[in-house]
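Numbering (the numbering used here), first residue to last: 9 to 182. In what follows, a structure is listed as structure tokens, so that the remarks can point back to it.
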């Protein structure tokens, strides 16, 4: 029996976790959808805003699936307070614990995708459907994101340009 919401959720979570789990020297894979691109951006902003919390989990060497189960239990247990922010926090956490530590990362990514699909759709399917599913996610964050997103992109581009110009100048002087 087809379940479009489950399939879309699985694709989105797989895209995001594989993006986070890639080797450091591996190029960024293109996102599979507009919501996948948006999730990457929103999760990155969330990780930057809460760097102190997330930094302690980079390169996590313990049982990632068990840790993710505990975090999902904590975040998803309050059905009254579930919202897009909690969902992004949970997904950003999943992305954090699969980054930088490559042992069993592909298996762990698949197990975490299965866990999150089961928990999110099992406990909060009606909320997700009532808020437009992943289209609702896109509309919610794309309408709240542009100014900060574009400002950040502009600053990063400018700094990259300054750095590249300085390196070129130094290289020509040698």
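Note that beta-carbon positions come from the ideal geometry of N, C-alpha and C, so glycine has one too.
#1: Compute the distance between the beta-carbons of residue 73 and residue 116, then report whether it is under 7 Å.
#2: Below 6 Å CB to CB, which residues in the same chain sit around residue 28 once its five sequence neighbours on both sides are set aside?
#3: Could you check how far apart the C-beta atoms of residue 20 and residue 47 are, in whole angstroms? I think they sit under 8 Å.
#4: Return the chain-ordered ranges of every beta strand (DSSP E) run that is complete within the region 45 to 122 and spans a minimum of 3 residues.
#5: By the three-class DSSP mapping on this structure, what secondary structure does residue 41 have?
#6: For the putative contact between residue 185 and residue 44, defined by C-beta atoms under 8 Å, what is the C-beta separation to the nearest angstrom?
#7: On a Cα-Cα basis, can you pick out the residue from 95, 91, 71 and 69 that is closest to residue 80?
#8: Nearest to residue 123 by alpha carbon, out of 70, 10, 78 and 178?
#9: Hey, residue 92 and residue 54: beta-carbon distance below 7 Å or not?
#10: If you draw a straight line from the C-alpha of residue 62 to the C-alpha of residue 14, how long is it?
#11: Just mark residue 175 as buried or exposed, buried being the case when its beta carbon has 16 or more other beta carbons within 10 Å.
#12: Under 7 Å, do residue 67 and residue 34 count as touching if we go by C-beta distance?
#13: Looking at the secondary structure, which residues open and close the alpha helix (DSSP H) in which residue 10 lies?
#14: Could you tell me whether the Cβ atoms of residue 90 and residue 135 are closer together than 7 Å?
The short version:
#1: Counting from one through the chain shown, the residue named residue 73 turns up at place 65. Counting from one through the chain shown, the residue named residue 116 turns up at place 108. Against a cut-off of 7 Å, the Cβ pair of residue 116 and residue 73 comes out as a contact.
#2: Here residue 28 refers to the residue found at position 20 when the chain shown is read from its first residue. Cβ within range, chain order: 103, 106 and 107.
#3: As a working note, residue 20 is residue 12 in the chain shown. As a working note, residue 47 is residue 39 in the chain shown. Going by Cβ atoms, the distance from residue 20 to residue 47 rounds to 7 Å, so yes, they are a contact pair.
#4: none
#5: On the chain shown, residue 41 is found 33 positions in, with the first residue counted as 1. Collapsing the DSSP output to three states places residue 41 in coil.
#6: Here the chain covers residues 9 to 182 and nothing more, so residue 185 does not appear.
#7: Numbered from its first residue, the chain shown carries residue 80 at position 72. The candidate whose alpha carbon is nearest that of residue 80 is 95.
#8: The residue given as residue 123 occupies position 115 in the chain shown. A check of alpha carbon separations from residue 123 across 70, 10, 78 and 178 identifies 78 as the nearest.
#9: Taking the first residue of the chain shown as 1, we reach residue 92 at position 84. Taking the first residue of the chain shown as 1, we reach residue 54 at position 46. Not closer than 7 Å, so no.
#10: Taking the chain shown and counting its residues from 1, the one referred to as residue 62 is at position 54. Taking the chain shown and counting its residues from 1, the one referred to as residue 14 is at position 6. Straight across, the Cα-Cα distance linking residue 62 with residue 14 is about 27 Å.
#11: Counting from one through the chain shown, the residue named residue 175 turns up at place 167. Exposed: under 16 other Cβ atoms inside 10 Å.
#12: The residue labelled residue 67 in the question sits at position 59 within the chain shown. The residue labelled residue 34 in the question sits at position 26 within the chain shown. At a Cβ-Cβ threshold of 7 Å, residue 67 and residue 34 do not count as neighbours.
#13: Taking the chain shown and counting its residues from 1, one reaches residue 10 at position 2. Taken as a continuous stretch (DSSP letters only), residue 10 belongs to no alpha helix (DSSP H), as it is neither H nor E.
#14: Position 82 of the chain shown holds residue 90. Position 127 of the chain shown holds residue 135. Yes. Within cutoff.
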